[in-house]
Amino acid sequence: PLSLTPSSTEFPKFFSLNILEEVDGFLLRIADCCLSPDAEMTLLAFALARGSVAKVLQTLTCISDHLQTKYKASSLIVSMASERLRLLYRNGKPLQLHLLACDVKSKEEKSGPENMLVESSTGDGFLTESGRRKASVILSTEDQSNFQVTQMKIKVRKGAIGAKCGLVFAYMEEDPFDAEKHFKRFKKFDSWSYKEYKEFVQDNVRISAQSADEPIGWFELE
Numbered sequence: 001p002l003s004l005t006p007s008s009t010e011f012p013k014f015f016s017l018n019i020l021e022e023v024d025g026f027l028l029r030i031a032d033c034c035l036s037p038d039a040e041m042t043l044l045a046f047a048l049a050r051g052s053v054a055k056v057l058q059t060l061t062c063i064s065d066h067l068q069t070k071y072k073a074s075s076l077i078v079s080m081a082s083e084r085l086r087l088l089y090r091n092g093k094p095l096q097l098h099l100l101a102c103d104v105k106s107k108e109e110k111s112g113p114e115n116m117l118v119e120s121s122t123g124d125g126f127l128t129e130s131g132r133r134k135a136s137v138i139l140s141t142e143d144q145s146n147f148q149v150t151q152m153k154i155k156v157r158k159g160a161i162g163a164k165c166g167l168v169f170a171y172m173e174e175d176p177f178d179a180e181k182h183f184k185r186f187k188k189f190d191s192w193s194y195k196e197y198k199e200f201v202q203d204n205v206r207i208s209a210q211s212a213d214e215p216i217g218w219f220e221l222e
């Protein structure tokens, strides 16, 4: 995807707009005379490579005429996801988060939840006090607004001492901050076992959160 756009480093220098149009016309003629899933996937791949929204929509319209047909699209989907991630790394910027509250104490003075926001790989990170196996952490973007979160990176300690899984919530709160109010709002999730967590992920992997009281994402580590 996007490899045949002028800004691409992979764009062949001998390719002109006329050549691209000729190739597109050639592929269209083939697809018209021998309609097949492979032909349509080739058209879609070429449209994505050119970054042509119109051509992509045109091909998807043809595909939608026979939705029962099976397409070998896994490699194209993977390459689209890879290109999207590359663009996010190139054009995105880190969101500045600030620690507001945590419902458990840290194991030591230097292993508090504020370490979650530090890029340094040294130290113990965030470790809860002995006997506490679950923790809720509230982070704020403060005055930052009008942004879209596309990816979250969560670093944990390796081995059994690190977090095994977790849920992510995102919402806007207009009232003055009250930590206990926020912790109480999501307290029902604290009683979940790992089995219940897995069942939730399996049931909701394709369903977006319907309200602010439902997770927008989750993480899991082996």
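To convert, note that position 50 of the sequence shown is 50 in the UniProt record's numbering; the numbers rise steadily by one, no gaps. Each residue gets a CB set at the ideal place from its N, CA and C atoms; glycine is no exception.
Check, Outcome
"First and last residue of the uninterrupted beta strand (DSSP E) at Leu-99", "98-102"
"Same chain only: Cβ atoms within 7 Å of Ala-47, ignoring 5 sequence neighbours per side", "Lys-55, Val-56, Thr-59"
"The stretch 74-84 touching the stretch 99-108, judged by at least three CB pairs closer than 8 Å", "no"
"Residues of its chain near Glu-114, where Cβ-Cβ distance is below 7 Å and the 5 sequence neighbours each way are ignored", "Leu-99"
"The stretch 147-160 touching the stretch 189-199, judged by at least three CB pairs closer than 8 Å", "no"
"DSSP three-state assignment for Phe-219, whether helix, strand or coil", "strand"
"Those runs of the beta strand (DSSP E) which lie wholly inside the stretch 165-195 and span at least 3 residues", "165-168"
"Limits of the unbroken alpha helix (DSSP H) element including Val-23", "17-33"
"For Val-137, the residue or residues it bridges with in DSSP", "Cys-102"
"Contact check, Val-168 vs Gly-162, beta carbons under 7 Å", "no"
"Burial state of Thr-128, where buried means 16 or more other Cβ atoms lie within 10 Å", "buried"
"Contacting residues, own chain, Cβ-Cβ under 7 Å from Phe-183 (five flanking each side not counted)", "Asp-103, Ser-136"
"Separation of Val-78 from Gly-51, as counted between CA atoms", "16 Å"
"Residues that DSSP places opposite Thr-9 in a beta bridge", "Answer is none; Thr-9 lacks a bridge partner."
"Beta carbon of Ser-16 nearer than 7 Å to that of Glu-10", "no"
"Cα-Cα separation between Arg-185 and Gly-112, rounded to whole angstroms", "23 Å"
"Integer Cβ distance of Ala-31 from Glu-22, believed to fall under 8 Å", "In fact, because the Cβ distance is near 15 Å, the residues do not count as touching under 8 Å."
"Thr-59 in three-state terms, based on DSSP", "helix"
"Leu-76 beta carbon less than 7 Å from that of Ala-49", "no"
"Whole-number beta carbon distance between Ala-170 and Ile-216, since they are thought to touch under 8 Å", "5 Å"
"Pairwise C-alpha distance: Ser-36 and Pro-29", "Per the sequence presented here, residue 29 reads as Arg, with Pro not at that position. Roughly 12 Å separates the two Cα atoms."
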